[in-house]
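According to our numbering, the sequence shown is numbered sequentially starting from 245. Ideal Cβ positions, reconstructed from N, Cα and C, are used throughout, including at glycine. Note that the structure is predicted; figures quoted are calculated from it, not measured. Okay, so here's the structure we're looking at.
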Amino acid sequence: MDYSFDNLRSVFGFLLLLAIAWAWSSGRNRIPYRTVAIAIGLQVGFAFIMFTVPFLRTALQSIAAGLGVLLQATGEGTRFAFGYLAGGPAPFDEVNPENNMILAIQILPLMIVVSAIAAILWHWGILEKLCQGIGFVLQRTLGLSGPLGLGTAASIFLGMVEAPMIVRPYLERMSRADIFLVMTAAMATVAGTVMALYITLLQVTIPEAASHVIVASFMAAPAAIAMARIMQPPEPADDAIQKEVPPPKLYQSTMDAFARGVQDGVNVFIFVVGMIVVAVALIALTDIALAAWIPDVDGGPVTTGRLFGWLLAPFMYLLGIPWEDCVDAGRLIGIKMVLNELLAFIDLSAIAEGQLAPRSRVMLIYMLCGFANFGALAIMVGGLSAMCRSRRQDFLDLGLKSMWAGVMANLLNGTLLGIFLT
């Protein structure tokens, strides 16, 4: 394989992100460098094992086919409920059938189905055992407490509120450093509910999108641990292992899991639809204002996306993105941080195949694959405050910092891939 200067810049970018985290640390003399090094090793190990172990690679590649079946099944339900709006036979002649795709009806309902299935799998113990297994690995390698390892592992599959809910009985006794780690993990990962959605959006232009999105979410857990321990290291008096108590039972029966999974999925669906409508409207308002105040540049109007691209392009170049792709990369990262990662993924899926280098496209999947944005931060802090009111001030104090730690954990993932991708 032929490596280039882009790979060398990714090495520099990886070290740069760690240096930024170190500069932002609340206690540089307390940073547990061994824990950070092992976490980065696990980050590399997750990617290496899942991409090279034959049966795991086969499993990852088969997920795309499984999601196709799941999307087809979801389509049956949406067509039954919404008729031709969901792709059923139209009661009129179609003039432009290529424009018939309705995101809110034909794609987003997949989140509701995945939410219900995930709830059932959790109640049956399948998903819970998987989280406990990953949590055990994190506990034995990094010295995390059982609850902390379980909460971090749950973030790979559950949402930014649901994952901390697993460790709700421990929140009141957790140190600030451990609370920060839980919050950072929730910001750096994505839930299975939207993971399937991202894969569906991307697999048209990226055949192995399923593999990359899943590996990115797994890698985000140790990356979040590394960033959290650098930026908010434990105090000397912090107890590493807390008293173990059984995690809370989330569902009473399979039917309860099904009903609540559907309800949670509907809540996420409504929130996502509302977020898209408002975010796109705000972008349009900003673009209208910019067009009125600023003359055209290079033959085109100055837009929010172009501003993000111009501002972040030098930083993306330092992380290993080729210069010709840096404006697009900066625009997507800006949209992800300020607005929503779903909008960034929709935008990424719409970029033509020849407009973005394959290496840049894959790196961006890893950089975008996390909840860290201002809207998600508000939801997480609100949910945590409702779970444990006595630690509300800690959640508020650490919230913004945890969001930036989540952003840097995602960038660390993408930059790590950039070191090895040709």
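Three-state secondary structure assigned by DSSP to residue i
i	result
VAL288	helix
ILE485	Caution is warranted here: a pLDDT of 44 is assigned to ILE485, below 50, making its placement in the model unreliable, and no coordinate value can be reported.
ASN617	coil
GLY627	helix
SER248	coil
GLU342	Model confidence at GLU342 stands at a pLDDT of 49, short of 50, so the residue's coordinates are unreliable; what they give is reported in the following sentence. Residue state, collapsed to three classes: helix.
GLY257	helix
ASN654	helix
ILE275	coil
PRO333	coil
CYS375	helix
GLY387	coil
PHE664	helix
MET439	helix
GLU320	helix
ILE495	In the sequence on display, residue 495 carries Tyr and not Ile. Residue state, collapsed to three classes: coil.
GLN637	helix
ILE450	coil
ILE516	Contrary to the premise, residue 516 reads as Val rather than Ile in this sequence. It is helical.
VAL297	coil
ILE507	Inspection of the sequence shows that residue 507 is occupied by Gln rather than by Ile. Three-state result, GLN507: helix.
PRO408	helix
PRO466	helix
GLU479	coil
SER461	helix
In DSSP terms, what residue i is bridged to
i	result
VAL541	GLY544
Of the listed residues the options, nearest to residue i (C-alpha basis)
i	options	result
ILE421	PRO478, VAL524, TRP537, ALA535	According to the sequence displayed, residue 421 carries Ala and not Ile. For the residues PRO478, VAL524, TRP537, ALA535, the minimum Cα distance to ALA421 belongs to PRO478.
VAL582	ILE458, GLN599, MET647, VAL546	MET647
ILE284	ASN654, LEU665, ALA616	ASN654
LEU441	GLY257, ALA649, LEU587	LEU587
ALA430	ILE443, GLU416, ALA472, PRO451	ALA472
PHE615	MET439, PHE324, TRP368, GLY327	MET439
MET611	GLY619, VAL651, ARG633, PHE618	VAL651
LEU365	ARG504, ILE474, ASP638	ARG504
PRO466	ASN511, LEU388, GLU416, VAL517	LEU388
LEU608	HIS367, VAL426, ASP572, VAL625	ASP572
ALA348	ASN617, ASN251, THR322	THR322
LEU592	ILE443, ALA630, LEU621	ILE443
GLY574	LEU494, LEU551, LEU642	LEU551
VAL515	TYR277, TRP266, MET355, PRO335	A small fix is needed here, since residue 515 is Phe in this sequence, not Val. For PHE515, the nearest C-alpha among the options comes from MET355.
LEU394	PHE380, MET404, LEU386	PHE380
VAL546	TYR561, ILE527, LEU446	ILE527
GLY509	LYS645, ASP500, SER399, PRO353	PRO353
MET404	PRO566, GLY619, PHE290	GLY619
GLN599	ASP569, VAL517, LEU661	ASP569
ALA435	VAL457, GLU452, LEU425	VAL457
GLY627	THR296, PRO408, LEU392	PRO408
ILE474	LEU445, ILE264, VAL426, LEU534	ILE264
ALA525	ASP540, GLN507, TRP537, THR548	THR548
PHE299	ARG603, VAL606, SER455	SER455
SER248	GLY564, THR449, THR302, ASP638	GLY564
ALA267	GLY390, ARG636, LYS645, ARG253	LYS645
ILE423	THR659, VAL625, LEU402, PRO539	VAL625
LEU382	GLY544, ALA362, ALA470	ALA470
GLY643	LEU656, GLN507, VAL426	VAL426
ASN241	ILE532, MET560, GLN476	Outside the shown range of the chain, which is 245 to 666, sits residue 241, and nothing can be said about it.
Element boundaries [alpha helix (DSSP H), containing residue i]
i	result
VAL357	354-367
TRP268	Careful: TRP268 lies outside any alpha helix (DSSP H) and carries neither H nor E.
PHE401	No alpha helix (DSSP H) holds PHE401; DSSP gives it neither H nor E.
VAL426	420-432
Handout entry: Contained alpha helix (DSSP H) runs [length at least 4] in the segment 556-610, N- to C-terminal order
Key = 567-582, 585-594
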